[in-house]
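The structure under discussion appears below in the form of structure tokens.
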Amino acid sequence: MALSETCKRETEITIPAEEVAKETATVIAEIQIKARLPGFRPGKAPASLIRTKFKDEIRQDVLEHVLPKAFRAQAERERWNVVGSPNVTDIHFLEGEPLRFKAEFEVAPEFELGTYRGIDVPYAEPGVSEEDVVKRVEELRNRKAEFVNEDPRPLQDGDYALVSLETIAGIEGEPIQNESMSIHIGDPDTMPEFNQNLVGVSPEESREFDVAYPEEYGQERLAGRTVTFRATVKNVRRRELPDINDEFARDLGDYQTLEELRNAIRASIRSEREFTAQQEAKSKAVDKLVEAHPFAIPEAFLDRQIEFQLDRQLREMAGQGVDPKELAKRLDWDKLKEARRDAATKDVRASLLLERIADTESIHATNDEIDRELANIARREREPIASLRAKYQKDGTLDRIASRIRTDKVLNFLFENGRKIAPVPDAAEPSASQPAE
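Quick note: the sequence shown uses my numbering, first residue 207, plus one each step.
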């Protein structure tokens with residue numbers, strides 16, 4: 207499918223001496239107006255003196271004016287779809303002679319769009335079993351559980367203890383204190399030291415014990431430390447689950463009977479699985495398109511996509527409390543970029559293919575679709591739609607929203623027009639390839 211193996215191009219351009227001389231005279235005149243030279247009033251220094259005194263500045267200004275202009279004119283004549291800025295080399299610039307230079311640059315990839323309607327899409331309509339519904343009902347039941355205080359007695363496995371907890375050694379800075387900490391005795395998620403030391407303890411009794419935290423523990427103050435705690439049991443509680451009946455269903459919302467709740471749960475699970483199955487099918491469809499169109503990708507596109515991915519990763523880590531500046535110092539960016547190169551190539555190729563399909567099929571985001579998305583965002587952000595639209599128009603977010611809607615519609619088009627085939631059992635995980643932003 208590829209019409210060229212690379213997007214790199216090179217050209218040699220000649221600018222007539224007359225054009226160079228005219229631009230040089232213009233630059234000299236501009237400098238002449240601003241120049242302050244001893245013995246001359248502003249703007250009155252002779253051009254010959256300006257030419258000598260500001261030789262390097264004149265040369266730089268002339269090149270900055272004529273090189274881009276000449277390159278753009280050549281690109282228009284040749285109908286090159288140039289990507290990024292050219293790398294200019296071998297400049298020959300002598301007074302009274304034509305100016306010559308070479309330009310290395312990249313062009314947008316050229317490719318013929320192959321078959322995209324009716325491609326095989328691994329997909330099976332998901333089902334929902336009785337076991338799935340029962341499991342979801344049980345999850346809801348657990349959320350509605352209530353804690354009931356027991357008569358004072360020693361703690362045993364399975365109990366829920368309300369404990370006053372404080373650190374008394376092994377930690378720097380202010381001690382950790384929690385007056386009302388709930389601990390499930392014997393639960394696998396409870397630290398073993400708490401299970402071992404609190405069994406047999408009655409309300410109003412205290413125990414002191416050490417807890418050894420692993421290096422990878424989530425709280426930095428505790429990670430890798432052995433901390434001494436004093437735990438005072440306040441009361442013993444049991445967890446009481448509600449009965450599963452019509453009343454249980456009514457407590458959960460707009461359901462009159464348990465059967466109504468079960469039907470709603472079944473529909474919800476089916477909807478969730480349908481969404482996931484379609485997303486995986488669309489991803490497979492994009493993978494097939496990418497495999498069938500192995501055209502070259504400009505380095506500028508790849509660099510931009512990799513930078514976008516790394517920037518997003520940094521923002522996510524910053525959101526988790528990691529200092530992005532400190533992280534940036536420790537990371538080997540060249541290795542990270544190289545590691546992402548293959549994935550970025552697929553992402554960019556997918557994006558270009560989806561854009562071409564959208565153009566071919568006249569798929570676009572309508573004003574109503576954009577307005578609905580803005581309304582959803584405004585509702586979440588609690589901001590007036592008008593001010594949100596103005597802000598997004600200014601910073602380019604509105605264009606990105608329209609592009610995302612368009613991409614989603616193309617993916618829906620591929621799925622709806624694809625030939626559904628049964629997924630292969632135990633197949634590899636779905637590709638993470640996504641269109642470039």
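All residues carry an ideal CB built from backbone N, CA and C; glycine is no exception.
Using three-state DSSP, classify Asn-573 as helix, strand or coil.
-> The three-state reading of DSSP puts Asn-573 in helix, counting H, G and I together.
Would you decide whether Ser-593 is buried or exposed? Buried here means 16 or more other CB atoms lie within 10 Å of its CB.
-> exposed
Counted within 10 angstroms of its Cβ, other Cβ atoms place Leu-559 as buried (16 or more) or exposed = buried
Write down the C-beta distance between Arg-468 and Val-339 rounded to the nearest angstrom, noting that I regard them as a contact closer than 8 Å.
-> Rounded, the Cβ-Cβ distance is 6 Å, consistent with contact.
Can at least three beta-carbon pairs, one atom from the region 419-433 and one from the region 359-372, be found at a separation below 8 Å?
-> no
Consult DSSP for Glu-218 and reduce its assignment to one of helix, strand or coil.
-> strand
C-alpha gap between Tyr-322 and Gln-484, whole angstroms = 17 Å
Note the first and the last residue of the continuous beta strand (DSSP E) segment covering Gly-324.
-> First-last for Gly-324: undefined, no H or E at that position.
Top-ranked residue by Cα proximity to Ala-281, from Pro-252, Thr-217, Asn-293 = Thr-217
What residues are listed by DSSP as bridge partners for Asn-441?
-> The partner list for Asn-441 (beta bridge, DSSP) reads Leu-368.
Count the other C-beta atoms from every protein chain shown that fall within 10 angstroms of the C-beta of Thr-482, then say buried if there are 16 or more, exposed otherwise.
-> exposed
Considering only C-alpha positions, which residue in the set Lys-597, Ile-569, Glu-303, Ala-253 is nearest to Thr-232?
-> Ala-253
If you count every other CB in all the chains shown that lies within 10 Å of the CB of Asp-365, and 16 or more means buried, which is it?
-> buried
When the distance is taken between beta carbons, is Pro-292 closer than 8 Å to Cys-213?
-> In this structure, Pro-292 does not lie closer than 8 Å to Cys-213 by Cβ.
Asp-395 - containing beta strand (DSSP E), residue span | Premise fails: Asp-395 is in no beta strand (DSSP E) and is neither H nor E.
Nearest-angstrom Cβ-Cβ length linking Ile-219 and Gln-238, presumed shorter than 8 Å | Not quite, the Cβ-Cβ distance comes to about 29 Å (not below 8 Å), so this is no contact.
Per-residue DSSP class, three states only, for Ala-330 = coil
How would you call Gly-324, buried or exposed, if buried means at least 16 neighbouring beta carbons within 10 angstroms?
-> exposed
Kindly give me the distance between the Cβ atoms of Asp-452 and Thr-463, rounded to whole angstroms, as I take these residues to be in contact under 8 Å.
-> 5 Å
What are the start and end residues of the beta strand (DSSP E) that includes Asp-509?
-> Counting along the chain, Asp-509 falls outside any beta strand (DSSP E), though it belongs to the alpha helix (DSSP H) covering 505-525.
Could you say if the region 349-357 and the region 435-448 meet the contact criterion of at least three C-beta pairs nearer than 8 Å?
-> yes
Indicate whether the contact test is met: 3 or more Cβ pairs, each with one atom in the region 375-387 and one in the region 397-409, closer than 8 Å.
-> no
In three-state terms, what does DSSP make of Ser-386?
-> strand
Kindly confirm or deny that the region 304-312 and the region 234-250 touch, where touching means at least three C-beta pairs closer than 8 Å.
-> no
Label Thr-258 either buried or exposed according to how many other C-beta atoms from any shown protein chain fall within 10 Å of its C-beta, with 16 as the threshold for buried.
-> exposed
Arg-436 bridges to which residues according to DSSP?
-> Glu-372, Glu-414
Kindly indicate which residue of Glu-544, Gln-526, Ala-491, Glu-497 has the alpha-carbon position closest to the one of Asp-509.
-> Glu-544
Report yes if the C-beta distance between Val-492 and Ala-556 is below 8 Å; otherwise report no.
-> With contacts defined by Cβ atoms closer than 8 Å, Val-492 and Ala-556 form a contacting pair.
Near Arg-612, which residues of its chain fall below 7 Å by C-beta distance, leaving aside the five closest residues on each side in sequence?
-> Ala-564, Ile-569, His-570, Ala-571
Can you round the beta-carbon distance between Ala-227 and Glu-303 to whole angstroms, since I take them to be within the 8 Å contact cut?
-> Actually they do not touch by this definition, with Cβ atoms about 10 Å apart.
Where does Glu-560 fall in DSSP's three states?
-> Here residue 560 turns out to be Leu, not Glu, going by the sequence shown. The answer is helix: DSSP assigns Leu-560 an H, G or I state.
Decide if Ile-471 is buried, meaning its Cβ has at least 16 other Cβ atoms within 10 Å, or exposed.
-> buried
Just curious, the beta strand (DSSP E) that His-298 is in, first and last residue?
-> 288-298
Evaluate Asp-296 with the Cβ neighbour count: other Cβ atoms within 10 Å of its Cβ, from every protein chain shown; 16 or more gives buried, anything less gives exposed.
-> With a 10 Å radius around the Cβ and a threshold of 16 neighbouring Cβ atoms, Asp-296 comes out exposed.
Where the alpha helix (DSSP H) through Arg-472 begins and ends | 464-498
From which residue to which residue does the beta strand (DSSP E) around Phe-277 run?
-> Annotation for Phe-277: no beta strand (DSSP E) segment contains it, though the alpha helix (DSSP H) segment containing it runs 261-284.
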